[in-house]
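Structure, as structure tokens:
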Amino acid sequence: MAATLGTAITPAEAAAPFAPRGNNRRPRHLVAASRSQAAPARRFVLRACASPIATADAPDETVTEPSVEPALETKLSKLACPICYCPLVGASDQSGDTSSLECSSCKKVYPNKQDYWDLTVAVGSTEYSESMPAITELFRTPLVSFLYERGWRQNFKWGGFPGLEREFETAIAYLKPTIGGTIVDASCGSGLFSRLFVKSGLYSLVVALDFSENMLKQCNEYLRQESISDERLALVRADISRLPFMNGSIDAVYAGAAIHCWPSPACAVAEISRVLRPGGVLVASTFVADVIPPAIPLLRIGRPYVSQITGYNTFLSEVEFEDLCKACGLVDFKFVRNGSYIMFSATKAN
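As structure tokens, this is what we get:
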């Protein structure tokens, strides 16, 4: 049973189905359309595409599929330079594949990595490098990327996560006002939910976005294994705090079991708010460490040190998420809880 803010959940309610109520990847990356014969290299401008405004009414269980799939240019039009947020210009090679993207303003080039588009700020640097938090580097390793859907993610049930099917159902109910638009699966990992969004047919475009190169490669492997078409899918490597989209161009952002691993949740949520259109929805799930109330004072004292050393963020109540969303221009906060598990949604203010 869903709970409104400030409402306690009994054990019986926690075991009930999660449903928000009332108010409360040819490769899997983007490629140019195939030609019947080789053609000289060409360039085209990727223009912005406005998204329709959806109603902000509370979600129910009925959803409909979009009737028209986007053309390639429409898919690419959602991408922007992460430095200046200007439209990108694409260049295709002799085979017709788009080999790179270039910012129409600052002229920075973003390469096609075969498995994904690399739209990180520092891509192309030969001398510069910077350290990332330990938790971020952990998820960039081939081992963790391989293990993520082979036991790692399944262990989240011990923290109260209800399982893939119920998590997806709850997310879709929250996301109903954005059905038919573009959704970004932020910190998508190996693409567990990205694949579900594509297979559901509920969105015209799904952007699977992660900072980990190996996670995106693993995502592409799963797409091949499951024979999932990339017609409505784009794989993008990007920094959650510097999203490669233009202002107000995205209908929905989903971040499953991710916010606790973000270097700066505040910067990330602010970026999400920037790219969401008015009425767009953020849905996220994570852990809340308040299941042992007497330990909260100690956790409150120790969490800055844990975060500085590991990069792992500890949250102590759902109120913290509501406060963060509100500070970033996201309203109509709703959530469900089960043990330390929380899924919440918030809407970009009109």
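No gaps in the numbering here: position 322 of the sequence shown is 322 in UniProt numbering, and each next residue is one more.
All C-beta atoms, glycine included, are put in the ideal place defined by N, C-alpha and C.
Within the region 268 to 331, the complete alpha helix (DSSP H) segments at least 4 residues long are 296 to 310 and 318 to 327, listed from N- to C-terminus.
Residue 236 counts as buried, since at least 16 other C-beta atoms from the protein chains shown sit within 10 angstroms of its C-beta. Taking residue 339 as reference, the option from 291, 164 and 303 with the minimal CA-CA separation is 291.
Residues 174, 175, 177, 178, 251, 252, 253, 345, 346, 347 and 348 of the same chain have their beta carbon placed closer than 8 Å to that of residue 281, with the five preceding and five following residues left out of the count. The three-state secondary structure of residue 137, taken from DSSP, is helix. In this structure, the beta-carbon distance from residue 234 to residue 198 does not fall below 8 Å.
In the DSSP assignment, the residues bridged to residue 103 are 88.
Shortest Cα-Cα distance from residue 331 to any of 142, 276 and 249 involves 276. Counting along the chain, residue 198 sits inside the alpha helix (DSSP H) bounded by residues 192 to 200.
One thing to note: residue 186 has its Cβ within 8 Å of the Cβ of residue 255.
Excluding the 5 residues flanking it on each side, residue 184 has same chain C-beta neighbours closer than 6 Å at 207, 209, 250 and 253, in chain order. Taking the Cβ atoms as the reference, residue 168 lies roughly 7 Å from residue 193, within the contact range of under 8 Å.
When DSSP states are grouped into helix, strand and coil, residue 343 belongs to the strand group.
Relative to the Cα of residue 190, the nearest Cα in the group 157, 202 and 153 belongs to 153.
Among the bridge pairs identified by DSSP, residue 250 is matched with 276. Straight through space, the alpha carbons of residue 242 and residue 268 are spaced by roughly 8 Å.
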